[in-house]
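J.: Counting from 1, position 279 in the sequence shown corresponds to residue 318 in my numbering; the numbering is continuous, with no gaps. Every residue gets a Cβ at the ideal spot worked out from N, C-alpha and C, and that includes glycine. Quick caveat, the model's predicted, so the values are computed rather than measured. Mind having a look at this structure? Questions to follow.
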Amino acid sequence: MIYKNLIKPFLFMMEPETAHSFTIISQSVLSSLRLNKIIKLFFNYSEPLLETEVFGIKFNNPVGLPAGCDKDGKALDIWGSYGFGFATIGSVVYSPQPGNPKPRLFRLIDERSLQVNLGLNSKGALSFYEIFKKKKKRSTIPLGISIARTTDIDESEVVDDYLKSFKTLYELPDYFEINVSCPNINNICFFNLNMLPKLLEKIQENNYKKKPILIKIGPDLEELELDVIVKNVLDYNIDGVVATNLIKDLTKINPKKVYKGGISGKLLEKYSNKTINYLYKKSEGRFKIVGLGGIFNGKDAYEKIKLGASLVQVYTGMVFEGPGLIKKILKELVMLLKKDGLDLNKACGIYHK
Ligand SMILES: Cc1cc2nc3c(=O)[nH]c(=O)nc-3n(C[C@H](O)[C@H](O)[C@H](O)COP(=O)(O)O)c2cc1C
Numbered sequence: 040m041i042y043k044n045l046i047k048p049f050l051f052m053m054e055p056e057t058a059h060s061f062t063i064i065s066q067s068v069l070s071s072l073r074l075n076k077i078i079k080l081f082f083n084y085s086e087p088l089l090e091t092e093v094f095g096i097k098f099n100n101p102v103g104l105p106a107g108c109d110k111d112g113k114a115l116d117i118w119g120s121y122g123f124g125f126a127t128i129g130s131v132v133y134s135p136q137p138g139n140p141k142p143r144l145f146r147l148i149d150e151r152s153l154q155v156n157l158g159l160n161s162k163g164a165l166s167f168y169e170i171f172k173k174k175k176k177r178s179t180i181p182l183g184i185s186i187a188r189t190t191d192i193d194e195s196e197v198v199d200d201y202l203k204s205f206k207t208l209y210e211l212p213d214y215f216e217i218n219v220s221c222p223n224i225n226n227i228c229f230f231n232l233n234m235l236p237k238l239l240e241k242i243q244e245n246n247y248k249k250k251p252i253l254i255k256i257g258p259d260l261e262e263l264e265l266d267v268i269v270k271n272v273l274d275y276n277i278d279g280v281v282a283t284n285l286i287k288d289l290t291k292i293n294p295k296k297v298y299k300g301g302i303s304g305k306l307l308e309k310y311s312n313k314t315i316n317y318l319y320k321k322s323e324g325r326f327k328i329v330g331l332g333g334i335f336n337g338k339d340a341y342e343k344i345k346l347g348a349s350l351v352q353v354y355t356g357m358v359f360e361g362p363g364l365i366k367k368i369l370k371e372l373v374m375l376l377k378k379d380g381l382d383l384n385k386a387c388g389i390y391h392k
């Protein structure tokens, strides 16, 4: 209620990227004032039915914060207090870069979606390392790092660029997300799928502690391209796929007003669900799926789990509904699981069984 009546109108009066920066800075201040425990009292929700173990990591619940919200890790120690079961920080690229010119973030209010044209603004892997290392000790949940490529480099340097970030940051996270799907880099092919085998081979060669590795893909891939993803994930023992990033092909979704960039939220949901469904079916559940795109309540999260996701992530839903959404999703999820007499493992991919 406080969020909807007070905080949201205040934030929505601001230009979207300003509102986002304000939110991250205030979260960072709240955590430096050691207010995490108080926040936790209001927002946390624990229930044994939600506990799960995926790729060797124990999670208190399956609802995480995705890449893109806390790009530089400034507030990485607070997300557990808001009830998230895990958080992916980043995407970070190796060389610092400013991203695209502003304005580059837009609200599609009626469609409960965001349009994003940030262009991978990042402080770069070396600064990111310092922030993450300092703050990580106080996080209460598993943390992942999403790495992407520096944009202003030649295609021949791309694999090496990912690898430099991977090596620089290797000791820090519980898992890595390799982002091969940024939809708002203009004038270049962000990631050519032909590079995937070499990239995954190099990543695994340097993964000497066998940390879980996930790759994050977009919802615009055709089935043949998804088949390439499935094959490579299995060939290189990748632990899972994060599905999906923002939708790029706007002809499919026809938003009322078109700004620039990829689209999240409700307009994306159908396409991310389709991707999750295909990945699970094609792989016969042989790797894990982290599902996201348009989750606004427990039923949306449950749908992704039944399609094949072991974990889910929520971003746009939280922008529109506030941080209390996480507790609401968790409670609804418990209700739905109990109603069907299932636990998370049994519910995962049940549509295919
Ligand atoms: C403002 C914004 C920035 C994002 N930046 C990233 C990013 O840096 N890396 C990434 O993998 N995904 C990024 N994403 C995509 C989200 O992680 C997520 O895949 C997408 O928003 C769909 O989930 P949602 O509908 O719950 O928002 C971003 C999304 C938004 C809205």
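#1: Jot down the residue ranges of each uninterrupted alpha helix (DSSP H) in the stretch 204 to 255, minimum 4 residues, whole runs only, in chain order.
#2: Reducing DSSP to helix, strand and coil, say where Ser303 ends up.
#3: Does the Cβ of Phe49 have 16 or more other Cβ atoms within 10 Å, making it buried, or fewer, making it exposed?
#4: What is the DSSP secondary structure of Val297, counted as helix, strand or coil?
#5: Along the chain, where does the beta strand (DSSP E) containing Lys92 start, and where does it finish?
#6: So, using beta-carbon positions, are Met52 and Phe61 closer together than 8 Å?
#7: According to DSSP, is Thr57 helix, strand or coil?
#8: Can the beta-carbon of Phe215 be found less than 8 Å from the beta-carbon of Cys221?
#9: At a cut-off of 7 Å, is Asn139 close to ligand 1 when judged by its beta-carbon and the heavy atoms of the ligand?
#10: Name the one or two DSSP bridge partners that Ser152 has.
#11: Helix, strand or coil: how does DSSP classify Phe171 here?
#12: Tell me which residues share the same chain as Gln243 and place their Cβ nearer than 6 Å to its Cβ, disregarding the 5 neighbours each side in the sequence.
#13: Look at the alpha carbon of Leu211 and the alpha carbon of Asp116, and state the distance between them as a whole number of angstroms.
#14: So the alpha helix (DSSP H) Ala386 belongs to, where does it begin and stop?
#15: Of the choices Ile46, Leu88 and Asp191, whose alpha-carbon is the least far from that of Asn384?
#16: Our contact map puts Ile328 next to Ser349 with C-beta atoms below 8 Å; I'd like the distance itself, whole angstroms only.
#17: Would you mind working out which of Leu157, Lys249 and Gly361 sits nearest Leu285, comparing C-alpha positions?
#18: Out of Leu306, Ser65, Glu262 and Gly183, which one is the CA nearest neighbour of Glu150?
#19: Using the DSSP secondary-structure output, state which residues sit across from Thr290 in a beta bridge.
#20: Please classify Ser67: does DSSP put it in a helix, a strand, or coil?
#21: In this structure, how does DSSP classify Lys43 when only helix, strand and coil are distinguished?
#22: Alpha carbon to alpha carbon, what distance is there between Thr283 and Ile315?
#23: Do Gly129 and ligand 1 come close, with the Cβ less than 7 Å from some heavy atom?
#24: Is there at least one non-hydrogen atom of ligand 1 closer than 7 Å to the beta-carbon of Ser185?
#25: Leaving aside the five residues before and after Leu364 along the sequence, list all residues of the same chain whose C-beta is less than 6 Å from its C-beta, in chain order.
#26: Is it the case that the stretch 159 to 178 contacts the stretch 119 to 139, given that we only count it when at least three CB pairs across the two stretches are under 8 Å?
#27: Got a sec? Which residues, its chain only, sit under 8 Å from Asn271 by beta carbon, not counting five neighbours each side?
#28: Got a sec? Which residues, its chain only, sit under 6 Å from Val269 by beta carbon, not counting five neighbours each side?
#29: Using a Cβ-Cβ cut-off of 6 Å (strictly less than) and excluding sequence neighbours within five positions of Thr127, which residues of its own chain qualify?
#30: Could you give the DSSP three-state label for Gly363: helix, strand or coil?
#31: What are the partner residues of Gly183, as DSSP defines its beta bridges?
#32: Specify, as a first and last residue, the run of the beta strand (DSSP E) that Gly119 falls within.
#33: With a floor of 3 residues, list each beta strand (DSSP E) that falls wholly inside the stretch 319 to 376, ordered by position along the chain.
T.: Quick look at the numbers:
#1: 235 to 244
#2: coil
#3: exposed
#4: coil
#5: Sequence check: residue 92 is Glu here, not Lys. Taken as a continuous stretch (DSSP letters only), the beta strand (DSSP E) holding Glu92 covers Thr91 to Val93.
#6: no
#7: helix
#8: no
#9: no
#10: Leu147
#11: helix
#12: Tyr275
#13: 13 Å
#14: Leu383 to Ala386
#15: Leu88
#16: 6 Å
#17: Leu157
#18: Leu306
#19: Its beta-bridge partners do not exist; DSSP assigns none.
#20: helix
#21: helix
#22: 8 Å
#23: yes
#24: yes
#25: Gly356 and Met357
#26: yes
#27: Leu235, Pro236, Leu239 and Ile277
#28: Lys321 and Ser322
#29: Pro105, Ala106, Gly183, Ser185 and Glu216
#30: helix
#31: Thr127 and Tyr214
#32: Premise fails: Gly119 is in no beta strand (DSSP E) and is neither H nor E.
#33: 327 to 331 and 350 to 352
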